[in-house]
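So the structure is just underneath, and the comments pick up after that.
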Amino acid sequence: MALTLQPQLETLPAWGVYLVVWGFIFVESALLVGFLLPGDSV
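The sequence shown: position 39 = 38 (numbering that gives the first Met the number 0), numbered continuously.
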């Protein structure tokens with residue numbers, strides 16, 4: 000899967016990478032959907 004995403008990630012600007020990372024952190028910690036994702040659930 001990483002090989003198929005590599006061209007899209009290379010064209011993504013730096014702020015886009017930060018936005019994606021922030022989005023994953025927000026979803027895992029703030030939304031109920033975060034219970035379905037791996038990580039520390041409270």
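Glycine is no exception: its CB is placed at the ideal position from the N, C-alpha and C atoms.
Measuring only the C-alpha atoms, how far is residue i from residue j?
{"i": "Leu8", "j": "Val20", "result": "12 Å"}
{"i": "Tyr17", "j": "Thr10", "result": "14 Å"}
{"i": "Thr3", "j": "Pro12", "result": "18 Å"}
{"i": "Glu27", "j": "Trp14", "result": "20 Å"}
Hey, would you say the C-beta of residue i is under 7 Å away from at least one heavy atom of the ligand ADP?
{"i": "Glu9", "result": "By its list of ligands, the structure shown contains no ligand whatsoever, and the ligand ADP lies outside what it can speak to."}
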